[in-house]
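For the sequence shown, UniProt numbering assigns the number 1 to the initial residue and increments by one for each residue that follows. For each residue, glycine too, the CB sits at the ideal point set by N, CA and C. The structure under discussion appears below in the form of structure tokens.
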Amino acid sequence: MQSKILTFDMNSYDPNTIIQSSDNTMLVSIYIPTMTMPYRSLKAHYYSDSESFCPPNIDETKLEGRIDIGDWQPNFQQPYYCKAKINLNPSETLVFNISRFELKTLGGMPRVVNALSFRDNLVIASYRENLTQVLHPQSQPVGFWQIVQTDYERIVKLSMSYRRHACGGNYVVRDGLTIEQPDIRDLNYGAIMCVWSLNRPYYYGRTDAAFRLVGNFTFSDSCEREFILIKEQRWQTDAVKKLCRGEGEDTSLDYNLKHSRSFVVYQAESYVYSKTQFHFEAKKTIVCGSKTMVTFASTRVEVDRQTYRNNEECLWIFKAQRGFYLQVTFYGRFFVEHSENCSRDYVEIQHKEDGLWIPDVRYCGRDLPPIYNSSTNQIQIIFRTNENVTADGFSLFVRSHCSLVVNVTSSEVKTIYRPQNLPYRNLRTQCEYIFQSNEKDKLIKVRATSAAATFSYRRSSNQGVCFMVYKRDTQPATKHCELEFEERAYNYLRLTTNENGEYSLEYSFDTCGGNVTNSHQIIRPQKHEHLDVYANNMNCVWYVTAPADHSIVVRFKYFNMEERRDHLSVYSGHAILGEKRVSQLSGNLMDTLPTIIVDHNQAVINAISDSVIAASGFEGQIVFIPNCNERISLTDGNSPVSLARNYATSRDGKEYMCLYRINAPKGYRIRTDIKKLDINDGLSNCSSAENGQCTNDSSACNFVEVFDSVEVKQPSMGKFCNAANTTLFSSYNDAMLKFIGAQERSYSFEIILTMEKSECGTTDVYTLGVDERYTITMPQNHEATYSPNLHCTWRFKISRPVLLRFNYIDLQNVSQISGECLDYIRVNRYYNFHQLCGHSSSYLGYEWGVVDKKFEITFHSDATEEAKGFQLVIEPISVCGQTYSHPNGLLDYLYSVKNCQTNVTVAENTNLNFYIWDIMFGDPNEGKHYKIVDLKTNTTVFHRSEDILKPVAVFLNTSTVRIEAVNVTFGLVFYSISQRTSIPGCGGTYTLHRGLIISPNYENERMFTNCSWIIQVPAPNSVKIKFLDFNMGTIANCHLDYLQMYDIMPDGSEQPLKTLCGPDTPREIIKSSSNVVRLISKTTPNFDGSGWSLSYNIV
1 MQSKILTFDM
11 NSYDPNTIIQ
21 SSDNTMLVSI
31 YIPTMTMPYR
41 SLKAHYYSDS
51 ESFCPPNIDE
61 TKLEGRIDIG
71 DWQPNFQQPY
81 YCKAKINLNP
91 SETLVFNISR
101 FELKTLGGMP
111 RVVNALSFRD
121 NLVIASYREN
131 LTQVLHPQSQ
141 PVGFWQIVQT
151 DYERIVKLSM
161 SYRRHACGGN
171 YVVRDGLTIE
181 QPDIRDLNYG
191 AIMCVWSLNR
201 PYYYGRTDAA
211 FRLVGNFTFS
221 DSCEREFILI
231 KEQRWQTDAV
241 KKLCRGEGED
251 TSLDYNLKHS
261 RSFVVYQAES
271 YVYSKTQFHF
281 EAKKTIVCGS
291 KTMVTFASTR
301 VEVDRQTYRN
311 NEECLWIFKA
321 QRGFYLQVTF
331 YGRFFVEHSE
341 NCSRDYVEIQ
351 HKEDGLWIPD
361 VRYCGRDLPP
371 IYNSSTNQIQ
381 IIFRTNENVT
391 ADGFSLFVRS
401 HCSLVVNVTS
411 SEVKTIYRPQ
421 NLPYRNLRTQ
431 CEYIFQSNEK
441 DKLIKVRATS
451 AAATFSYRRS
461 SNQGVCFMVY
471 KRDTQPATKH
481 CELEFEERAY
491 NYLRLTTNEN
501 GEYSLEYSFD
511 TCGGNVTNSH
521 QIIRPQKHEH
531 LDVYANNMNC
541 VWYVTAPADH
551 SIVVRFKYFN
561 MEERRDHLSV
571 YSGHAILGEK
581 RVSQLSGNLM
591 DTLPTIIVDH
601 NQAVINAISD
611 SVIAASGFEG
621 QIVFIPNCNE
631 RISLTDGNSP
641 VSLARNYATS
651 RDGKEYMCLY
661 RINAPKGYRI
671 RTDIKKLDIN
681 DGLSNCSSAE
691 NGQCTNDSSA
701 CNFVEVFDSV
711 EVKQPSMGKF
721 CNAANTTLFS
731 SYNDAMLKFI
741 GAQERSYSFE
751 IILTMEKSEC
761 GTTDVYTLGV
771 DERYTITMPQ
781 NHEATYSPNL
791 HCTWRFKISR
801 PVLLRFNYID
811 LQNVSQISGE
821 CLDYIRVNRY
831 YNFHQLCGHS
841 SSYLGYEWGV
851 VDKKFEITFH
861 SDATEEAKGF
871 QLVIEPISVC
881 GQTYSHPNGL
891 LDYLYSVKNC
901 QTNVTVAENT
911 NLNFYIWDIM
921 FGDPNEGKHY
931 KIVDLKTNTT
941 VFHRSEDILK
951 PVAVFLNTST
961 VRIEAVNVTF
971 GLVFYSISQR
981 TSIPGCGGTY
991 TLHRGLIISP
1001 NYENERMFTN
1011 CSWIIQVPAP
1021 NSVKIKFLDF
1031 NMGTIANCHL
1041 DYLQMYDIMP
1051 DGSEQPLKTL
1061 CGPDTPREII
1071 KSSSNVVRLI
1081 SKTTPNFDGS
1091 GWSLSYNIV
């Protein structure tokens, strides 16, 4: 009887608990109340201190044995369960001879488990009645037998023996498989039983192929004592065929195996090798008109003289799995009636492509045809005869493989998929792909893409299937294991792999451009043959056509092209016209990948490169979206306008990308009030609760973005994911809003658009006259502070070099949270820009030559507290005839001067210091010199008539000088002031965007010195310092003679930046962390160095 030991719940069970039964049997019941509950695994470790009384396992070394179990034995007088494993070597049969099995029913509950059972992968045999003299064979490598006694049934006796025979086994049927008599030469061997388990190969798809057993046999004993049985499908079924002596005179076998599994059983009461003979061979037969799936085994077709008939047409269709191809090999004899062009009798092979059968080759005559390799995974072989001659026929076999030779003929991308791993997952397949072309001037491109892991092999997440790539047979191979790679070569390219991972190969000529009529198509530039960059002298043109009422969007996965010289342009319509250009991209845009919208259902994309430097290129995706763009004109009669819109996305993946272009009369700006944005319902991480702007984690959110002007490269004034009563002002009389909705939901928003008189003044492009000065003061209405939410841009064209002089800058300081400017001035040139904020007095900005031709000044203020503003003077660079009074400045001789005089006068209690970067003179036959005259003493303090090619310092004891430049073609000279109480050249303050500093002449001043220089540029910029020369004496005096550099932080504190000493010039470029740097140079009377010189720039 059963008694409960323990009941527990899986959620509350203590895994350290030990459950112990009172006998050697324990029943574990698991109760699951509903089928909807999730399954959980149950693992238990069980053991016993008592040695098992069950019969032992039968391993490969046990040739024979005996098992006796009865109720007279104490251990078998109570319920018990015994299970013994069986292990066989290949080509073996283990036979149990059950001489007696007696079972007695005690009544009560009916039996659930059979008392005696045998099991392996193919055969299950169970017994629940009394037996005598029953044979049970097992031929699988692994199996078991078990015996169970319960309270309701008693096993009175089990007496059986077992013996291992070296015959039989488990086999997959293949062409040529043989079944032969056991090679056992013992004359007294006795009884034998062999079982061959035959399993048909597993085929996908329909097949009319079959196997038949063909052979002969000779037996010496009677039909009851020696015979062969053939069973189909299940072991328990009756035999479908019996072979023995006396069953007629026929001693041959030609039997069709009808099911996926068959058993061949040989049994003899007294086996004698010399008196018994049998040999059977499995042959695969294919009937005419069959369709066969070819896996890893070859498939034969034979036509002999008996089956070669007149007026016959026979075809065989063969198919391999995706990624495999078919190979046909003729062997032995080949004799098909010969005729011109094989027009009478012939064998023809066709391949299937795009649903059509394409003839490839046709054979006749007596010559054995060459091996045929298909280019697709389906072929059909046709054998056709006329009414005249018959011949000997032919033999061939068809096998599948993954080797392919491809003739590349166009730029159309075609795809090869990896072979499916059938029928065995772990079978490695050697695959080879050869791509070749007769067009010598065109590159073959192959792009391989693989998954990170497969069934058979585990890899890291960034490793794919490994390929060996050969560009010529004579060249060494290149190994690729990346998830994605490209290779290019002229004429020939070969890839090999023996891995079974997921991969695909795209191949084509490496050309670019073409017609794009489908959404989500990828575009890439033409690639260089050897380097991982795009090709030189490239001119790719894509003509894009979307359905009517759709816009075209180009999104980039990456973009990096040579700055200015190489570029990608997008045009509206199907013509490359300057006025139709929507955008032109150039440079490295990896940090801010662009998205281009064309408000038209037609576009042209043009990628151009020059003959020199190239970069990684780009990958763009072209997407077609519904056209929801609008144009809104504000006038005195309709301002303000409420832009209230509702959209809903469907399940087909359609997204919205709407552009709203707003314009007003000149002299006005656009005020944008975002009142309602209901576009991210349920997404909490999209925006800042303070101002509704999208956060850094909002890449999956919908948004509205406001742009200052509708022109190309218009600056964004903010990207908003939720409304927070935000107000923005444009710099111009136009603006643009962009709405992006990609998630499946309904969207609604309301934005009020109003035109207002601009506080920025004129924002038209202003052309500066040759000698004209232009001043921008903000605020322009003489208010104490500028207004919030301003965004003004002034654009200028110049015809000669200009200087940007900021008389003062008084804006909000850099944000202590983000490190970025809250309010800022942005100075934008053609290829770079600087942003300025914080506080600076008398900052002399930039000098620009005519090479720039145009530039922009942008002022932006946020919605928080404001400050005094700024004043900027834009003036021509004209050194001659000028008087300089700023504490530091530069004299830039951009043009040749014949006789130029310049005065520099600074505060009376200071000394002037000049740092000459270089001076170049003109015609040597004319007079030339560069001279500095002290106006207080009217003496010449510096004179040079030869070119100055390396920095020179001139330290003076005066505050006013005249500089004479005669026949100078080019030159750059910086000046600064130092206090008269210190030695000449000791210290100073520098507020230029770039400069040159040279230490005092220590050779003349052997004393204790402590000189300090300040370099200050507007926030949030920093300072980049490069040393031109450096020698602060021997290393031994580093604690005495050195140069220290400090960052001066916004709170006035100083943090060490760098300390330098010794005689070696630093090679590194030093970059500050703040916009203010202090330099302190100290020397002692024993100083034996020569000093230092450096240049700096704003970054």
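>> What does DSSP give as the partner residue(s) for Cys792 in the beta ladder?
In response: Phe859
> Tyr990 and Phe914 look like a contact to me (Cβ under 8 angstroms); what is the Cβ gap, rounded to whole Å?
Replying inline: Actually they do not touch by this definition, with Cβ atoms about 14 angstroms apart.
>> Let's test the definition: count the other Cβ atoms within 10 Å of the Cβ of Val814 and tell me whether it reaches 16, buried, or not, exposed.
In response: buried
> On the three-pair Cβ rule with 8 angstroms, is the region 538–553 touching the region 618–629?
Replying inline: yes
> Below 7 angstroms between beta carbons: does that hold for Gly464 and Glu482?
Replying inline: yes
> Does the Cβ-Cβ distance between Val966 and Asp934 come in under 7 angstroms?
Replying inline: no
> Can you tell me whether DSSP reads Ser274 as helix, strand or coil?
Replying inline: helix
> Taking C-beta to C-beta, are Phe859 and Met778 nearer than 7 angstroms?
Replying inline: yes
> Which parts of the UniProt domain "CUB" (288–401) are runs of the beta strand (DSSP E), unbroken and 3 residues or longer, counting only runs that do not cross its ends?
Replying inline: 291–293, 299–303, 313–319, 325–335, 346–353, 356–363, 378–384 and 393–401
> Exposed or buried, Trp72, counting other C-beta atoms within 10 Å across all chains shown (16 or more means buried)?
Replying inline: exposed
>> List, from N- to C-terminal side, the beta strand (DSSP E) runs of 3 residues or more that fit wholly inside the UniProt domain "CUB" (512–625).
In response: 514–516, 521–523, 539–545, 550–561, 567–572, 581–585, 595–598 and 602–608
>> According to DSSP, Leu972 sits in a beta bridge with which residue or residues?
In response: Asp892 and Asp918
> Would you report the Cα separation of Ser1022 and Val1077, rounded to the nearest angstrom?
Replying inline: 9 angstroms
> Where Leu643 and Thr864 are concerned, what is the direct C-alpha to C-alpha distance, given to the nearest angstrom?
Replying inline: 26 angstroms
>> For the pair the region 1057–1072 and the region 1025–1032, tell me if three or more CB-CB distances fall below 8 angstroms.
In response: yes
> Can you tell me whether Asp254 is buried or exposed, with buried defined as 16 or more other CB within 10 angstroms of its CB?
Replying inline: exposed
>> Quick check on the DSSP output: the beta strand (DSSP E) that includes Ala953 runs from which residue to which?
In response: Val952 to Phe955
> Nearest to Asn87 by CA position, among Asp120, Asn114 and Gln78, is which residue?
Replying inline: Asp120
> Under a Cβ-count criterion, where at least 16 other Cβ atoms within 10 Å of its own Cβ denotes burial, should Cys540 be classed as buried or exposed?
Replying inline: buried
>> DSSP has Val413 in a bridge; who is on the other side?
In response: BP columns for Val413 are empty, so no partner.
> Would DSSP call Ala125 helix, strand or coil?
Replying inline: strand
>> Taking its Cβ as the centre, do 16 or more other Cβ atoms sit within 10 Å of Ile622, making it buried, or is it exposed?
In response: buried
>> If you reduce the DSSP assignment to three classes, tell me which class Pro715 lands in.
In response: coil
> Does any residue of chain D bring its CB to less than 7 angstroms from the CB of Glu312?
Replying inline: Absent from the structure is chain D; it holds one protein chain and no more.
> For the beta strand (DSSP E) that contains His929, what are its first and last residues?
Replying inline: His929 to Asp934
> Is it the case that the Cβ atoms of Arg333 and Glu348 are separated by a distance below 7 angstroms?
Replying inline: no
> In or out: residue 1101 buried (at least 16 other Cβ within 10 Å) or exposed?
Replying inline: Only positions 1 to 1099 of the chain appear in this structure, which leaves residue 1101 out of reach.
>> Measuring straight from C-alpha to C-alpha, what distance separates Phe217 and Thr276?
In response: 8 angstroms
> Which whole-angstrom value is the C-beta distance of Thr793 and Asp708, which I expect to be below 8 angstroms?
Replying inline: 7 angstroms
>> Quick check on the DSSP output: the beta strand (DSSP E) that includes Pro201 runs from which residue to which?
In response: No beta strand (DSSP E) holds Pro201; DSSP gives it neither H nor E.
>> For Tyr457, which residues in the same chain have their Cβ closer than 8 angstroms to its Cβ, ignoring the five residues on either side in sequence?
In response: With a pLDDT of 40 at Tyr457, under the threshold of 50, the predicted position of this residue should be treated as unreliable, though the coordinate-derived value follows. Cβ within range, chain order: Glu499, Asn500 and Gly501.
>> What does the alpha-carbon distance come out to for the pair Leu956 and Ile998?
In response: 14 angstroms
> When you compare each of Asn188, Arg174, Val265 and Arg234 to Val195 by their alpha carbons, which one comes out closest?
Replying inline: Val265
> Nearest CA to the CA of Leu728: which residue from Thr672, Val906 and Asn722?
Replying inline: Thr672
>> Could you check whether Ser730 and Pro788 sit closer than 7 angstroms to each other, using their CB atoms as the reference points?
In response: no
> Going along the chain, which residues of its own chain have a beta-carbon closer than 6 angstroms to the beta-carbon of Val706, five neighbours each way excluded?
Replying inline: Thr672, Met717, Gly718, Leu728 and Leu737
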